[in-house]
Amino acid sequence: MTAPARSGSTPDLHALDQRLVQEVQAVHRALIRDRRGELGRIAPEALTLVDSLERYLAGGKMLRPRFCFFGGLAALPEPPTDEQVAGLALSGAAIELVQAAALMHDDVIDHSPTRRGRPALHVEQSAAHRHRSLAGSSDEFGVAVAIVLGDLTLSWAEQLFSQALDSSEAAGRARAEFDALRTEVMCGQYLDILHQAGGLGTGRGTTGTGQAGVDAVADREESGPEAAALEVIRWKTVPYTVLRPVRMGAALMGADDQLLGLLSRWSIEVGTAFQLRDDLLSVVGDEDQTGKPTGGDIVEGKRTVLLARTVAHADEDELALLERTIGNPAAHPEDVRAVHALMVDSGAVASVAQDVRQRAGAARALLEGTDALGELGRAGLLTLAAQATDTDSLPR
Numbered sequence: 025m026t027a028p029a030r031s032g033s034t035p036d037l038h039a040l041d042q043r044l045v046q047e048v049q050a051v052h053r054a055l056i057r058d059r060r061g062e063l064g065r066i067a068p069e070a071l072t073l074v075d076s077l078e079r080y081l082a083g084g085k086m087l088r089p090r091f092c093f094f095g096g097l098a099a100l101p102e103p104p105t106d107e108q109v110a111g112l113a114l115s116g117a118a119i120e121l122v123q124a125a126a127l128m129h130d131d132v133i134d135h136s137p138t139r140r141g142r143p144a145l146h147v148e149q150s151a152a153h154r155h156r157s158l159a160g161s162s163d164e165f166g167v168a169v170a171i172v173l174g175d176l177t178l179s180w181a182e183q184l185f186s187q188a189l190d191s192s193e194a195a196g197r198a199r200a201e202f203d204a205l206r207t208e209v210m211c212g213q214y215l216d217i218l219h220q221a222g223g224l225g226t227g228r229g230t231t232g233t234g235q236a237g238v239d240a241v242a243d244r245e246e247s248g249p250e251a252a253a254l255e256v257i258r259w260k261t262v263p264y265t266v267l268r269p270v271r272m273g274a275a276l277m278g279a280d281d282q283l284l285g286l287l288s289r290w291s292i293e294v295g296t297a298f299q300l301r302d303d304l305l306s307v308v309g310d311e312d313q314t315g316k317p318t319g320g321d322i323v324e325g326k327r328t329v330l331l332a333r334t335v336a337h338a339d340e341d342e343l344a345l346l347e348r349t350i351g352n353p354a355a356h357p358e359d360v361r362a363v364h365a366l367m368v369d370s371g372a373v374a375s376v377a378q379d380v381r382q383r384a385g386a387a388r389a390l391l392e393g394t395d396a397l398g399e400l401g402r403a404g405l406l407t408l409a410a411q412a413t414d415t416d417s418l419p420r
């Protein structure tokens with residue numbers, strides 16, 4: 025991790041970042057060890073759940089723990105103490121468990137075959153079912169295990185985060201951020217499911233919600249496919265990827281409301297840019313680097329900003345291509361490649377990439393235009409944002 029150039033000198037940011045990663049990994053190893061003992065006492069067969077989680081946690085970028093860590097450092101005028109690093113690492117480790125649980129369930133919902141270059145959990149468990157010649161449907165078994173382990177991982181995340189807290193006001197505010205993170209990501213997941221079914225932004229998903237739900241729909245300034253896609257990003261990705269981790273770390277280190285507000289504005293820009301970039305990578309990225317099949321969002325029919333802009337510029341023949349390809353797992357590979365080319369040639373890829381760069385620039389200006397941040401935190405957040413919003417490898 026290379027820090028962006030700024031005046032003055034700071035401790036080695038790379039070494040500090042690596043220390044955070046090592047401490048999070050140590051927390052996870054301890055958790056796996058303890059849970060292995062706990063589940064082994066329940067039933068030896070249950071140990072497979074711990075083994076699967078251990079494999080699942082390996083290889084992650086730990087982006088969310090890093091946001092939490094450098095959000096915390098942004099609230100500190102001096103380098104962190106060992107105790108502060110430990111507290112932020114414990115919080116980051118809990119966030120990473122929420123991330124793992126969300127991905128286990130997300131891969132089931134999206135029918136994703138791979139995760140981080142390996143079989144997704146439900147696919148792995150389906151294969152294990154077939155290998156052992158167990159009774160029933162292998163696919164249903166794999167889905168069931170992914171749901172169970174995802175739920176179990178969420179409960180362990182709660183237990184882990186509780187260890188980072190004391191009775192201070194700062195700890196109470198950090199707790200509120202962690203609670204909001206879990207609620208928002210699950211509501212965001214629901215909005216994503218509803219959006220995929222064509223029910224977001226139309227008012228058709230508000231039946232039985234009462235006046236609050238009706239008012240929320242009425243208050244939207246925009247409607248249409250792109251606005252709906254951005255709303256999913258706002259509630260599914262932004263809170264648990266950037267906003268809540270950053271605010272959690274800062275709150276834990278005693279940040280006041282003014283600083284939390286600044287970090288919130290920055291997080292919304294970075295989190296939105298991050299997801300827009302991720303949508304691009306799912307279509308035009310390098311499969312070896314993303315760990316996900318390129319074109320997966322095309323055959324899954326993900327209703328992204330990229331797709332909305334592609335549809336908006338398509339002619340009659342191109343709309344027919346999109347109609348027979350988007351959301352069709354059996355789509356002909358030539359059609360998938362044609363949709364890929366259409367997204368590039370129509371300018372949709374370039375326009376979304378430009379949005380990513382504009383949001384990244386706005387976020388950078390927010391951090392560089394204030395003296396309210398600790399220098400280590402500022403440098404770390406600037407570096408993380410640059411990594412999370414990089415578009416240099418994308419087609420122009």
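Sequential numbering from 25 applies to the sequence shown in my numbering. In this text, a Cβ means the ideal position worked out from N, Cα and C, and glycines have one as well.
Query                                                                                                                      : Result
Expected contact under 8 Å - CB spacing of A99 and R402 to nearest Å                                                       : Incorrect: roughly 11 Å between the Cβ atoms, too far for contact.
Paired residues, beta bridge with R142 - DSSP                                                                              : R139
Integer Cβ distance of R79 from G116, believed to fall under 8 Å                                                           : Not confirmed; about 20 Å, so no contact.
C-alpha gap between L346 and G174, whole angstroms                                                                         : 34 Å
Which of helix, strand or coil DSSP assigns to S161                                                                        : coil
Terminal residues of the alpha helix (DSSP H) in which G64 lies                                                            : 37-66
For D321 and R154, the rounded distance between their alpha carbons                                                        : 28 Å
Distance between L112 and L81 (C-alpha atoms, nearest Å)                                                                   : 18 Å
Sufficient close CB pairs (3 or more, under 8 Å) joining the region 349-362 to the region 383-401                          : no
Pair within 7 Å by beta-carbon distance, A297 and A384                                                                     : yes
Local Cβ density within 10 Å of A42, reported as buried at 16 or more and exposed below that                               : Note that residue 42 is Gln in the sequence shown here, rather than Ala. By the neighbour-count rule (16 or more Cβ atoms within 10 Å), Q42 is not buried but exposed.
Chain-order list of residues whose beta-carbon lies under 6 Å from that of M210 (same chain, five-residue window excluded) : none
P101, enclosing alpha helix (DSSP H) - first and last residue                                                              : Premise fails: P101 is in no alpha helix (DSSP H) and is neither H nor E.
Stretch pair the region 133-141 + the region 191-199: three plus CB contacts closer than 8 Å                               : no
Outcome for R65 when other beta-carbon atoms lying within 10 angstroms are tallied against a minimum of 16                 : exposed
Burial state of R206 (16 or more Cβ within 10 Å)                                                                           : buried
Per-residue DSSP class, three states only, for T265                                                                        : helix
Cβ neighbour criterion (16 or more within 10 Å) applied to S291                                                            : buried
Cβ-Cβ separation, T413 to V380 (assumed contact under 8 Å), whole Å                                                        : 5 Å
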